[in-house]
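Working notes for the structure below.
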Amino acid sequence: MCHVLGVKNNNYYSYQKRKSLAPVDTERQDMLQWVKDIAEFSDNTYGQRRIQKALNSLDYPVGRRKTAQLMKEANVWVRYKKKYKATTNSDHNKPVYENELEQDFDVQYANQAWVQDITYIWTAEGWLYLAVVIDLYSRKVVGWSMGSRMKAKLVCDALTMAIWQRKPKAGLIVHSDQGVQYASHQYRRILKLHKFVGSMSKKGCCWDNAVAESFFGSLKQERVHWRNYRTRYAAQQDVLNYITMWYNSQRMHSYLNYQSPNEFERMDKSVKEVA
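As structure tokens, then:
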């Protein structure tokens, strides 16, 4: 090889000796291993920002550019987004609520304002529908319900679960789109019973319920679109795992300064419900 390349043998061996004596950058090797571990822990859902924040929390003061370099060197990949369609059926003659939320998603207390929505998940047995309730204060999913039919019972069960878990007081704003399920008599009766304030998005305006839409985007991008569910039960168990064991408990949320919803609520010792 030296003869073909026109390199003297002694120069080649000298280079190999210098290379073997070069100090190993142990800190960089440690960071590369952490990047791999963080990516595996997140099921390859963390991009540059979240991996950077995770490294910073481990006392590695790296920026976005170095994080990108480390991810490339560690051969870490990130799940990409896939498109999905809306499920709202607002073509009905039932009464609707005024928009009390008006896209004000920054609230100061737990159980001050909740948002809700419905999405769908494909399985080999057919569609599985998921309704969720999210507390805007911590972005925590506080109620959910899944079923094979997109009826009023689906959203009522999710709201009932949230009420049971959080025990909110009267005056809570409960926001949704103008879907027929949220305009049903059963749903309106729950709000009236607990003296909650109903609120609905303007027709055709997805930004009015952006927090719920964002959650569904994360769920599908990070989990559902990478699975092939043979049964509705398998999908239910996987979604339940995502909500309880990952999204609420572990996933770093940019709105919460890269804390999980559970951690955010634990760290804020001054959390008080609206009187």
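Numbering (my numbering), first residue to last: 929 to 1203. Where is the CB? At the ideal position from N, CA and C, for every residue including glycine.
Based on DSSP bridge pairs, tell me the residues matched to residue i.
i	result
Gln1187	His1181
Tyr1157	Thr1051
Ile1101	Ala1041, Val1125
Asp1196	Answer by DSSP bridge pairing: none, since Asp1196 is not bridged.
Ile966	For Ile966, which the question treats as bridged, DSSP gives no partner whatsoever.
Ala1059	Ile1046, Ser1073
Lys1068	Asp1063
Hey, out of the options, whose CA is closest to residue i's CA?
i	options	result
Arg1158	Glu968, Lys1123, Trp1055	Trp1055
Gly991	Asp958, Gln980, Leu998, Phe1033	Gln980
Asn1176	Gln1106, Asp971, Lys1097, Ile1062	Ile1062
Tyr1161	Val1004, Lys1022, Glu955, Thr1051	Thr1051
Ala1002	Arg956, Gln1164, Asp971, Asp1032	Arg956
Val1024	Leu986, His1181, Met929, Arg1116	Arg1116
Thr954	Tyr988, Asp971, Ser970, Lys936	Tyr988
Gln1114	Lys1000, Phe1124, Ala1080	Ala1080
Asn1169	Leu1147, His1181, Thr1088, Met929	Leu1147
Met1074	Val1125, Leu1029, Gln1164	Gln1164
Less than 8 Å between the C-beta atoms of residue i and residue j, yes or no?
i	j	result
Val1102	Ala1086	no
Val1035	Leu1064	yes
Asn1027	Ser1142	no
Tyr1057	Tyr1048	yes
Ser1104	Asp1045	yes
Val1043	Ala1140	yes
Gln1109	Met1078	yes
Val1070	Ala1041	no
Gln1149	Arg977	no
Tyr983	Thr973	The amino acid occupying residue 983 in the given sequence is Leu; Tyr does not appear at that position. Not in contact: Leu983 and Thr973 (Cβ atoms no closer than 8 Å).
Ser1112	Lys1022	yes
Asp965	Gln1031	no
Cys930	Tyr943	no
Give me the Cβ distance between residue i and residue j, rounded to the nearest whole Å; I'm assuming they're in contact under 8 Å.
i	j	result
Tyr1183	Arg1067	6 Å
Arg1155	Asp1166	6 Å
Leu960	Asn1039	Leu960 to Asn1039, Cβ: 43 Å. No contact.
Trp1092	Ile1171	Actually they do not touch by this definition, with Cβ atoms about 16 Å apart.
Trp962	Leu933	In fact, because the Cβ distance is near 39 Å, the residues do not count as touching under 8 Å.
His1122	Ala1098	7 Å
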